[in-house]
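A short write-up of the structure that comes next.
2 protein chains.
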Amino acid sequence: MNEKELEIVKSTNKKSKPQTDQISFGKTFTDHMFIMDYEADIGWNNPRIVPYEPITLDPASMIFHYGQTVFEGLKAYRSEDNRILLFRPDKNLQRLNLSSERLSIPAIDEESVMNYLKQLVSLEQDWIPTTEGTSLYIRPFIIATETNLSVAPSQSYKFMIILSPVGSYFSGGIKPVSINVEEQFTRAVKGGTGTAKTAGNYSSGYQAQAKAKNEGNADVLWLDGLEKRYIEEVGSMNIFFKINGEVVTPELNGSILNGITRMSIIEVLNEWEIPVVERKISIEELYQAYADGELEEAFGAGTAAVISPVGELNWLGRKMVINNNQIGALSKKLYDEITGIQTGKLVDSHQWILEV
Amino acid sequence: MNEKELEIVKSTNKKSKPQTDQISFGKTFTDHMFIMDYEADIGWNNPRIVPYEPITLDPASMIFHYGQTVFEGLKAYRSEDNRILLFRPDKNLQRLNLSSERLSIPAIDEESVMNYLKQLVSLEQDWIPTTEGTSLYIRPFIIATETNLSVAPSQSYKFMIILSPVGSYFSGGIKPVSINVEEQFTRAVKGGTGTAKTAGNYSSGYQAQAKAKNEGNADVLWLDGLEKRYIEEVGSMNIFFKINGEVVTPELNGSILNGITRMSIIEVLNEWEIPVVERKISIEELYQAYADGELEEAFGAGTAAVISPVGELNWLGRKMVINNNQIGALSKKLYDEITGIQTGKLVDSHQWILEV
Ligand SMILES: Cc1ncc(COP(=O)(O)O)c(C=O)c1O
Ligand SMILES: Cc1ncc(COP(=O)(O)O)c(C=O)c1O
Numbered sequence: 001m002n003e004k005e006l007e008i009v010k011s012t013n014k015k016s017k018p019q020t021d022q023i024s025f026g027k028t029f030t031d032h033m034f035i036m037d038y039e040a041d042i043g044w045n046n047p048r049i050v051p052y053e054p055i056t057l058d059p060a061s062m063i064f065h066y067g068q069t070v071f072e073g074l075k076a077y078r079s080e081d082n083r084i085l086l087f088r089p090d091k092n093l094q095r096l097n098l099s100s101e102r103l104s105i106p107a108i109d110e111e112s113v114m115n116y117l118k119q120l121v122s123l124e125q126d127w128i129p130t131t132e133g134t135s136l137y138i139r140p141f142i143i144a145t146e147t148n149l150s151v152a153p154s155q156s157y158k159f160m161i162i163l164s165p166v167g168s169y170f171s172g173g174i175k176p177v178s179i180n181v182e183e184q185f186t187r188a189v190k191g192g193t194g195t196a197k198t199a200g201n202y203s204s205g206y207q208a209q210a211k212a213k214n215e216g217n218a219d220v221l222w223l224d225g226l227e228k229r230y231i232e233e234v235g236s237m238n239i240f241f242k243i244n245g246e247v248v249t250p251e252l253n254g255s256i257l258n259g260i261t262r263m264s265i266i267e268v269l270n271e272w273e274i275p276v277v278e279r280k281i282s283i284e285e286l287y288q289a290y291a292d293g294e295l296e297e298a299f300g301a302g303t304a305a306v307i308s309p310v311g312e313l314n315w316l317g318r319k320m321v322i323n324n325n326q327i328g329a330l331s332k333k334l335y336d337e338i339t340g341i342q343t344g345k346l347v348d349s350h351q352w353i354l355e356v
Numbered sequence: 001m002n003e004k005e006l007e008i009v010k011s012t013n014k015k016s017k018p019q020t021d022q023i024s025f026g027k028t029f030t031d032h033m034f035i036m037d038y039e040a041d042i043g044w045n046n047p048r049i050v051p052y053e054p055i056t057l058d059p060a061s062m063i064f065h066y067g068q069t070v071f072e073g074l075k076a077y078r079s080e081d082n083r084i085l086l087f088r089p090d091k092n093l094q095r096l097n098l099s100s101e102r103l104s105i106p107a108i109d110e111e112s113v114m115n116y117l118k119q120l121v122s123l124e125q126d127w128i129p130t131t132e133g134t135s136l137y138i139r140p141f142i143i144a145t146e147t148n149l150s151v152a153p154s155q156s157y158k159f160m161i162i163l164s165p166v167g168s169y170f171s172g173g174i175k176p177v178s179i180n181v182e183e184q185f186t187r188a189v190k191g192g193t194g195t196a197k198t199a200g201n202y203s204s205g206y207q208a209q210a211k212a213k214n215e216g217n218a219d220v221l222w223l224d225g226l227e228k229r230y231i232e233e234v235g236s237m238n239i240f241f242k243i244n245g246e247v248v249t250p251e252l253n254g255s256i257l258n259g260i261t262r263m264s265i266i267e268v269l270n271e272w273e274i275p276v277v278e279r280k281i282s283i284e285e286l287y288q289a290y291a292d293g294e295l296e297e298a299f300g301a302g303t304a305a306v307i308s309p310v311g312e313l314n315w316l317g318r319k320m321v322i323n324n325n326q327i328g329a330l331s332k333k334l335y336d337e338i339t340g341i342q343t344g345k346l347v348d349s350h351q352w353i354l355e356v
């Protein structure tokens with residue numbers, strides 16, 4: 001695909017920027033957004049950066065009826081020496097295309113979109129907060145826009161990128177959370193859409209989330225949909241366990257999202273020569289390791305928190321308290337390493353950073 | 001809930017109505033639509049019938065990101081004596097609320113909404129086509145509208161009803177279709193959202209649909225997500241088989257949609273004293289019945305087609321040709337009975353019809 005020329009329409013009415021400590025996730029957006037359109041006969045076209053504003057859609061647009069949509073989530077960080085850093089954004093665009101394939105959405109040209117994304121972030125750079133743990137959240141997404149109630153792939157789409165400044169995930173310092181092991185609801189199953197970042201995978205978890213919260217937990221540990229035995233993910237994050245000195249994470253089995261934080265953690269552990277294995281791990285095995293005193297650490301891994309330690313797992317009335325409800329040494333070391341690379345404090349030996 | 005007063009804003013710019021033989025499904029909409037809003041602190045409010053027009057939403061509206069949405073599909077028929085008939089619309093509103101519960105969407109008041117729906121259909125009655133097999137398709141749906149990227153239930157929603165005239169599903173007479181038994185992709189699994197009419201369930205089937213079409217089939221026969229053995233649905237319809245004089249349909253197992261056509265067929269068969277059973281049925285069992293010459297008829301059942309005969313099933317290279325690729329006698333009798341009741345040609349002994 002030839003890169004289409006990017007049109008830029010600047011906002012004449014700039015919003016005031018929120019104070020870092022008053023940002024709640026995902027509610028504040030910057031002055032501009034990126035849009036491009038797709039029509040079956042001409043492909044992706046009309047890339048443009050325009051003032052952030054509502055979009056207008058026919059009520060019969062397919063996005064409202066059949067869920068043909070995919071998204072991504074990544075962050076821009078401001079380094080101490082004032083550079084703007086993206087963490088493995090190529091992986092996000094690759095994954096977006098994989099998600100799109102699953103949802104029968106036409107692929108985007110990753111190279112052009114990376115360029116548009118950089119231009120948008122560059123234009124909005126004053127929106128990147130600078131205090132520790134903050135960043136500018138980047139949400140690319142695609143929606144089906146054809147006006148048609150037929151159950152079939154849309155002939156037209158919109159690809160958009162919106163930006164939202166985010167405060168620190170751990171404002172009072174990193175605190176382990178309590179998690180409920182979900183036995184009834186299923187997030188995803190082989191042959192379904194679990195490996196894609198698509199809307200339906202998220203709202204389908206709300207009932208399990210509510211149940212977990214009612215019982216005093218922060219989120220849900222998902223088991224596989226087939227046997228309700230094997231551990232898959234935690235909330236919207238991948239999950240890791242340190243068991244008797246070895247790090248274990250569920251293998252990519254066709255229903256788990258291939259997290260970019262997850263893949264980075266595995267690479268860092270390999271580099272550190274700490275044993276790490278991707279394999280099936282059942283909740284019974286985990287409980288046994290706990291009972292034997294071998295479950296040393298547990299943490300979720302994803303763009304939002306980077307590392308989110310699990311302090312307590314509740315499974316059918318059994319409670320596992322992990323590392324005394326404190327963040328583990330390895331969890332902390334991984335958090336420092338990855339966030340260090342992301343914010344330019346540590347050397348980027350893997351070439352994971354793209355400077356805008 | 002007290003019924004809120006319905007505001008009606010009439011369109012001053014009426015569209016021209018399409019000729020019945022030029023209607024393609026789901027692309028033409030009437031002059032008006034129904035909308036009402038939900039906010040967490042006041043509940044459903046501001047019910048109104050307004051000119052059909054695009055809606056305007058913030059790009060960060062939750063519907064675009066996490067798929068919190070449900071819908072329904074039913075039809076208004078014009079009888080020969082010019083009455084406007086709805087077929088079991090109470091069941092659609094009940095199912096809408098069941099779908100909403102699964103998606104953590106607040107319930108609507110079924111009685112008020114039935115009243116709004118009737119008023120909308122009444123206002124648009126000139127849009128109901130009158131030739132054989134035609135009707136006015138009614139699409140109620142709810143979308144999450146809060147501007148927030150948090151993965152959590154929305155605090156605001158829009159409930160809408162749009163109307164679309166539809167031509168005959170079988171314009172050249174009822175023709176059996178060829179169906180591919182899908183072995184790789186999964187529509188739904190227990191603990192998932194299969195029993196809800198929610199967007200994500202539909203686009204997740206597009207890849208399997210495309211595969212089926214590439215191989216010359218009209219649609220997909222879905223097997224259960226756990227063992228890939230038991231038959232669930234066909235396309236967006238429930239499925240029935242007549243085997244050795246007995247009618248068999250998959251039981252409602254927690255991943256199948258509870259179709260209103262399905263439940264009506266079961267009631268009619270009971271009335272006719274034709275044996276009908278809801279149970280698990282595996283694809284192997286079906287193939288064996290076919291090999292033994294006992295698979296007499298097969299048909300999909302849903303609002304769109306009412307009865308859609310299956311003439312051919314393709315399963316891992318094995319082809320089952322059913323009833324010589326002709327519509328079966330029972331399929332035809334059921335089609336005539338249900339469409340007869342729907343259009344007011346036959347006596348409505350079950351009190352299934354609501355006159356507008
Ligand atoms: C379901 C799910 N699992 C895991 C992750 C973690 O992926 P990443 O590390 O790429 O953010 C995400 C996204 O954040 C997700 O939505
Ligand atoms: C997945 C699915 N199954 C079955 C049906 C049939 O249900 P009904 O008879 O209520 O139209 C539908 C809707 O038409 C559906 O979407």
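Just so you know, the sequences run in chain order Z and U.
Counting in the UniProt record's numbering, the first sequence runs from 1 upward without gaps.
Counting in the UniProt record's numbering, the second sequence runs from 1 upward without gaps.
Where is the CB? At the ideal position from N, CA and C, for every residue including glycine.
Everything numeric in this text was worked out from a predicted model, so none of it was measured.
Of the residues the options, which one's Cα is nearest the Cα of residue i?
i	options	result
Ser236(U)	Ile260(U), Pro153(U), Lys242(U)	Ile260(U)
Asn82(Z)	Pro309(Z), Asp292(Z), Glu101(Z), Thr131(Z)	Thr131(Z)
Pro51(U)	Phe71(U), Val356(U), Phe29(U)	Phe29(U)
Gln209(U)	Asn201(U), Leu252(U), Val220(U)	Val220(U)
Met263(Z)	Val189(Z), Leu149(Z), Lys75(Z), Gly302(Z)	Gly302(Z)
Leu93(Z)	Tyr77(Z), Phe159(Z), Ile84(Z), Glu124(Z)	Phe159(Z)
Leu6(U)	Asp37(U), Asp58(U), Leu149(U)	Asp37(U)
May I have the straight-line CA-CA distance separating residue i from residue j, to the nearest angstrom?
i	j	result
Met1(Z)	Ser122(Z)	Confidence in Met1(Z) is poor, its pLDDT being 49 and thus under 50, which makes the residue's placement unreliable; the coordinate value appears in the next sentence. Cα to Cα, the separation comes out at about 24 Å.
Leu286(Z)	Ile322(Z)	11 Å
Ala107(Z)	Lys91(Z)	14 Å
Tyr169(U)	Met62(Z)	21 Å
Ser204(U)	Ser79(U)	37 Å
Phe241(U)	Thr69(Z)	35 Å
Pro129(Z)	Ser135(Z)	6 Å
Val276(U)	Leu313(U)	21 Å
Asn97(U)	Val113(U)	11 Å
Trp222(Z)	Val247(Z)	19 Å
Gly300(Z)	Tyr290(Z)	17 Å
Leu103(Z)	Glu53(U)	28 Å
Taking the alpha helix (DSSP H) that residue i belongs to, which residues open and close that run?
i	result
Pro89(U)	89-102
Ser331(U)	329-342
Trp272(U)	260-272
Val113(Z)	110-123
Leu286(Z)	283-291
Along the chain, where does the beta strand (DSSP E) containing residue i start, and where does it finish?
i	result
Asn46(U)	43-51
Gly300(Z)	295-302
Ala40(Z)	No beta strand (DSSP E) holds Ala40(Z); DSSP gives it neither H nor E.
Met237(U)	237-243
Ala199(U)	Taken as a continuous stretch (DSSP letters only), Ala199(U) belongs to no beta strand (DSSP E), as it is neither H nor E.
Phe159(Z)	156-166
Are any of the Cβ atoms in chain Z nearer than 8 Å to that of residue i?
i	result
Pro106(U)	no
Ser122(U)	no
Asn148(U)	yes
Val151(U)	yes
Indicate whether at least one CB of chain U lies closer than 8 Å to the CB of residue i.
i	result
Met36(Z)	no
Lys27(Z)	yes
Ser236(Z)	yes
Ser99(Z)	no
Ala40(Z)	no
Which of the three DSSP states is assigned to residue i in this structure?
i	result
Asn180(U)	strand
Met1(U)	Confidence at Met1(U) is low in this model, with a pLDDT of 49, below 50, so the placement of that residue is unreliable and no value is reported for it.
Asn148(Z)	coil
Val310(U)	strand
Lys75(U)	strand
Lys17(U)	coil
Ile231(U)	strand
Val276(U)	strand
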